[in-house]
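In the UniProt record's numbering, the protein residues as written are 1 to 1064.
Notes follow once the structure below has been shown.
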Amino acid sequence: MAMRPSSPIGATRLVNKQKGEHFRKQESKVQNLDYLGGNTVWVKVDTDELFVESTVKSVEGEQLRVNCKGEELLVNLKDCLNSLPDFDSLKVNDLSKIPHANSAVVLKILRERFNQDVIYTYAGKLLVALNPFKKIPNLYDDNVIETYKKADTTLGFPTDLEPHTYAVGQCAINGLFNDNKNQSCIVSGESGAGKTETAKQLMNFFAYSRTNLNTSTSVQDIILGSNALLESFGNAKTINNNNSSRFGKFLKLNLLPTGGIVGGEMSSYMLEICRVEFQNENERNFHLFYQILKGLKKEELQQYSFMDLKDYNYLNQSNCYEAPGIDDVSDFSNVLVQLKKLFTPERLNNFFEIISGILLCGNVDFVEESRMGVDSAAKLSNPSLFRKLTELLGLDYDLAEKAMIEKVIKIQDNMIESPVTSKVAQVNVRALSKDLYGFLFQYIIQLINQFTAGKSDESNSYDKESYVGILDIYGFEYFKHNTYEQLLINFANEKLQKYFINNVFTSELALYEREKIDATSIVYSDNSLILEIFEKKNCGIFPFLYEQCSMESGTSDAFTRSCNSRIKNENFIPPKGNVNEFTIVHTACKVVYNTEEFITKNKHSLSEVVVSLLLNSTNELLKDMVIHSMALEASMECSPTNQTPGRTSRTTRSSTKLFVGNKFLKSINELVKCLEETNSHFIRCVKTNQVKQPGVFDVKGVYGQLNSLSILEAVQIIHKGYAYKSSFANFINDNQFVYNILIGGKSSDEDDTVTEDREKEKENAVNMLKLLEIPENEYQVGLTMIFLKKNGWMLLEQSHLKFSQLLAPLSKLLNAYYQSYVNRKSYQKKLQMVKRVQSLVRKFSLMGDKYKKLKLVNEFIGFVVVSNWLNFDQRVHTSALIIQSNYRMLVQRRKYLREIEELRLLHKKRVIRKRLGKFKTYVWYSVFCLYLQKVYRIYQLNKAATRIQAMWRMHQCVSNYNHIRYSYLKDYAATVVQKNVRCYLQVKNYEFIRYAIPSVVLIQSYFRGWLVRKFVDSKVNVLKSIRNRLALYSKLYVLQNTIRSILSTHRFKLLKQDLSTLQG
1 MAMRPSSPIG
11 ATRLVNKQKG
21 EHFRKQESKV
31 QNLDYLGGNT
41 VWVKVDTDEL
51 FVESTVKSVE
61 GEQLRVNCKG
71 EELLVNLKDC
81 LNSLPDFDSL
91 KVNDLSKIPH
101 ANSAVVLKIL
111 RERFNQDVIY
121 TYAGKLLVAL
131 NPFKKIPNLY
141 DDNVIETYKK
151 ADTTLGFPTD
161 LEPHTYAVGQ
171 CAINGLFNDN
181 KNQSCIVSGE
191 SGAGKTETAK
201 QLMNFFAYSR
211 TNLNTSTSVQ
221 DIILGSNALL
231 ESFGNAKTIN
241 NNNSSRFGKF
251 LKLNLLPTGG
261 IVGGEMSSYM
271 LEICRVEFQN
281 ENERNFHLFY
291 QILKGLKKEE
301 LQQYSFMDLK
311 DYNYLNQSNC
321 YEAPGIDDVS
331 DFSNVLVQLK
341 KLFTPERLNN
351 FFEIISGILL
361 CGNVDFVEES
371 RMGVDSAAKL
381 SNPSLFRKLT
391 ELLGLDYDLA
401 EKAMIEKVIK
411 IQDNMIESPV
421 TSKVAQVNVR
431 ALSKDLYGFL
441 FQYIIQLINQ
451 FTAGKSDESN
461 SYDKESYVGI
471 LDIYGFEYFK
481 HNTYEQLLIN
491 FANEKLQKYF
501 INNVFTSELA
511 LYEREKIDAT
521 SIVYSDNSLI
531 LEIFEKKNCG
541 IFPFLYEQCS
551 MESGTSDAFT
561 RSCNSRIKNE
571 NFIPPKGNVN
581 EFTIVHTACK
591 VVYNTEEFIT
601 KNKHSLSEVV
611 VSLLLNSTNE
621 LLKDMVIHSM
631 ALEASMECSP
641 TNQTPGRTSR
651 TTRSSTKLFV
661 GNKFLKSINE
671 LVKCLEETNS
681 HFIRCVKTNQ
691 VKQPGVFDVK
701 GVYGQLNSLS
711 ILEAVQIIHK
721 GYAYKSSFAN
731 FINDNQFVYN
741 ILIGGKSSDE
751 DDTVTEDREK
761 EKENAVNMLK
771 LLEIPENEYQ
781 VGLTMIFLKK
791 NGWMLLEQSH
801 LKFSQLLAPL
811 SKLLNAYYQS
821 YVNRKSYQKK
831 LQMVKRVQSL
841 VRKFSLMGDK
851 YKKLKLVNEF
861 IGFVVVSNWL
871 NFDQRVHTSA
881 LIIQSNYRML
891 VQRRKYLREI
901 EELRLLHKKR
911 VIRKRLGKFK
921 TYVWYSVFCL
931 YLQKVYRIYQ
941 LNKAATRIQA
951 MWRMHQCVSN
961 YNHIRYSYLK
971 DYAATVVQKN
981 VRCYLQVKNY
991 EFIRYAIPSV
1001 VLIQSYFRGW
1011 LVRKFVDSKV
1021 NVLKSIRNRL
1031 ALYSKLYVLQ
1041 NTIRSILSTH
1051 RFKLLKQDLS
1061 TLQG
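Okay, structure coming up:
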């Protein structure tokens, strides 16, 4: 029996999940039914709100009568969740520290914090980051970085500061230098949740140095600048996100204690190369293509044979060429700066030629022809474009064409070449473009790693083996149609989910051990059963996939049958009927996978012919990146740690070839192993809405992400142990009401109890729990803290509600007396204030008459003084007015004359401009008339010349005709004379022959007779022999003709029978 994967924590405390437990979230059920009247609960509804907070009217058995939005409803208890009406969401920094961390409460807290631009919240060891889709002022300033640089992270996240990405970064830095242990920050979330921006914030925090604010190292510049370069290569616009990362990466950063990055190494995972050839509607290809086509100059585009953006089949199929919020031209300038740091000018030219060649691959088409005995053999329909493609990539045209339209099959030691169909040839060309893009992406990462391998001036002052890792990787994916890519992504998330559960449990155990708490009774669950579906030896998806891919006859149907018939797992659901699919119940949700392309995608690789062709390329960059990729693949296949998963056939057992799935499995296992050697910090990014607008909180979408990212499960994992953990003083302070009733005395936060002995606090806390009759197995007392399980916490809350209801009448009476006392004190204070005001009013009234009389006297004296002064200065004032008026008149007159002169000049200019316009018009008309006259004169001359030429040509024709006619008549007369002469000579000759022939013929006949008689006499015997032989040949010929006739007749009859049979 195969052993299950062992947990690093131990089998006594870590068990597998039962069937469906990972899918049915264990919400905080409604308890304390006797005290629910008048309180609020969350009720599940079928709207987009999901939950509505309602007031409980009464409890009726297993149902509650509630007031929901003014409507009285009767709901089942199972549809109700606990509420936290007295909690201030802005003060809840950690979701694991509230008693009812159910879905409704968590959604309410996150929504209220989001509405106040508080986007960060802790959930145990997790940092939940909500994407606000806007820039929040003063959230990432240098003074904020300085604040978190000084934070105390001895006990985890700093409690005196608000949750922030920088808090995670400071925890990592302190753990790296104080604990001498490598750190890792794992950033995950769905597309558009803000993973890339969060990773950037972490890198900026690590790069910040208080001692070197205005300086930076070349390594740091390249690492920070690589964000723009990798976003250009690996990001694209999707339906959900305008800048979606289509790959995962793990970046190891070497830091200095004083701040700053001095080294780094990057690894990438699962680049979505299929996007090169296909994008959905309203999506774009990778940003790099658009940036180059928009950012290069016109002459550079012509130099590298780039076409218009809309002419490329790889770019025009989605009809989307722009991405809101992204400036391709501006981004390209940043990308070009980084490319110039990585490449020499010659290599940069090679780079643009490769990009141009990749885009041209999508425009290569094939037609069918009959060749080599195949009727549908592929043939290039646009050889000129393919020739341009081979020139850009530095390939031999004939060999490249042959590699695309023919396949080579090796049988024993013989190589057999055969043509392929046009469809297969199209697949070959597109596979070449995808692989070239993948090779280039990996080569870029290798160059970045070479440049960032600790080459700064301070590289000797730090330990190169110590690092802080940033993992930016995709979250769970589940679509309507899920294929091989979703299977690999979700498998990676399951591996990380198990690591997360183990990590959280390990930290909990460390706290219990530090406080001397017995944790043997606590049982946690993980997702080992789900992982068995993928990698169980000889009985998992990856072993079955490897087995089928190792055989030439392997098919997706056989793979699916093997999985559906042989995988016996509670979380694996075979389909009903013979279809190529199966269902896996993941930690996040159920996902249905279509397996039709599993074998094809897993076996994807370039043929040896194409690899050889690329290795002989004259493009040096292309050759180097292919060599690098081949070396990387060879190192993976020859690695001593490489183990072939599962069982293979005897004929393929010796093969060491790795397929896509094996490579991915190996890389993920190495990643998890690397993470296990670090102290990990987790950031879960949540996309708040699908419309990508600020201020919008989509409850339904956020709830799905809380499940898929295991945020709720993270809190529940903590609550499965001791849900409440607090120091003795804080415990008493949190439960001050119950403490005062049971034990009495002042709270621990009063001035006279600040220095109270810790043992006294411990004793009071334990006494309170004993007086409340909370079972001892529901709590434990540590050295400095008290720990309560969930049930014990609920009993404590129940006691609070019980005492509140029992003391409700007394509380109301005391409150009435207190309000009366407060009102009386307020009335007395206000009465004293009124009396004081009245006194001041009376004093003002008495003093007012005196002030009025004094004011009248002062006004009279002032009037007399002013009158005397006015009379004395009247003449001076009049003279000054006359002088001023005359001067103003002079100024105005000069101004008037100047304006009149300006108007005259303006009028003259207008008249001159008008006359000039008329003159120009007349001149234009005159010139035009002269032009028309000249044109007409030329026309007349041309017409006269044409008539003269016509008459001359007619004269020449008549002369030639007469000459030809005279020659003809002359020749005809000569012919008639010659005819008559020849006739006369023939008649004379005929008469002579007619007279001489009889005598000549008679002489000749006598002479021939004499010769024959002479010859026959000497050959009598020979002639007799010939006569006999001729007679024999005549008989033989008759016999042969008879036989041939018989055979022909027989064959004709057989042929006639065959034709009859065929017609029948």
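Note that the Cβ used here is the ideal one computed from N, Cα and C, for glycine as well.
These numbers come from a predicted model, not from an experiment.
Since residue i contacts residue j with CB under 8 Å, what's their CB separation in whole angstroms?
i            : j    : result
residue 1073 : N594 : Lying outside 1 to 1064, the shown extent of the chain, residue 1073 is not represented and no answer is given.
Y478         : C589 : 6 Å
G469         : C185 : 7 Å
E406         : S418 : 7 Å
V364         : V429 : 5 Å
Which same chain residues, not among the five before or five after residue i, have their C-beta less than 6 Å away from its C-beta?
i    : result
N131 : A193, G194, K687 and T688
F286 : A236
S89  : I109, E112 and R113
DSSP state of residue i, grouped into three classes?
i            : result
M415         : strand
Q317         : coil
R1044        : helix
L864         : According to the sequence provided, residue 864 is Val. The question's Leu does not apply to it. Reduced to three states, the DSSP call for V864 is helix.
residue 1068 : Nothing can be reported for residue 1068: it is not among the residues displayed for the chain, which extend from 1 to 1064.
A973         : helix
F23          : Unreliable positioning characterises F23 in this predicted model, as indicated by a pLDDT of 30, which lies under 50. A coordinate reading is not provided.
Q1063        : helix
C589         : coil
L126         : strand
D1058        : helix
F278         : coil
H164         : coil
E72          : strand
S680         : strand
I470         : strand
S655         : Residue placement at S655 is flagged as unreliable, the pLDDT there being 44, under the threshold of 50; the coordinate-derived value follows with that caveat. Coil.
R1051        : helix
R371         : strand
Mark residue i as exposed unless 16 or more other C-beta atoms lie within 10 angstroms of its C-beta, in which case mark it buried.
i     : result
F1015 : exposed
I435  : Per the sequence shown, the amino acid found at residue 435 is Asp instead of Ile. It counts as buried.
D1017 : exposed
G848  : exposed
G10   : The predicted model places G10 with a pLDDT of 29, which falls under 50 and marks its position as unreliable, so this point remains unresolved.
A945  : exposed
H719  : buried
F1052 : exposed
D48   : exposed
M404  : buried
R953  : exposed
If you drop the 5 nearest sequence neighbours on each side, which residues of the same chain put their C-beta closer than 7 Å to that of residue i?
i            : result
residue 1071 : This structure cannot speak to residue 1071, because the chain is shown only from 1 to 1064.
V75          : V43, Q63, L64 and V66
T587         : H22, E494, Q497, N527, I530 and S710
E761         : F728, A729, I732 and S748
Output needed for residue i: all residues of its chain with C-beta closer than 8 Å, excluding positions within five of it in sequence on either side, in chain order.
i    : result
V738 : M768, L772, L796, S799, H800 and F803
K310 : N316 and Y321
L336 : G295
Exercise. So does the segment 60–71 actually touch the segment 99–107, counting three or more Cβ pairs closer than 8 Å?
Worked result: Contact between the segment 60–71 and the segment 99–107 is absent, because fewer than three Cβ pairs lie under 8 Å.
Problem set entry | Given 8 Å, three or more beta-carbon pairs between the segment 240–250 and the segment 356–375 | Flag = no, the segment 240–250 and the segment 356–375 do not touch.
Exercise. Touching or not, the segment 593–608 and the segment 491–507, by the rule of three or more beta carbon pairs under 8 Å?
Worked result: No contact exists between the segment 593–608 and the segment 491–507.
Exercise. Just checking, does the segment 524–535 make contact with the segment 484–496 on the three C-beta pairs under 8 Å criterion?
Worked result: Counting Cβ pairs under 8 Å, three or more are found: they touch.
Exercise. Three or more beta-carbon pairs under 8 Å between the segment 723–739 and the segment 79–87, yes or no?
Worked result: By the Cβ rule, the segment 723–739 does not count as touching the segment 79–87, because fewer than three pairs are nearer than 8 Å.
Exercise. Is the segment 376–394 close to the segment 326–342, with three or more CB pairs under 8 Å?
Worked result: Touching, no, given that fewer than three Cβ pairs across the two stretches are closer than 8 Å.
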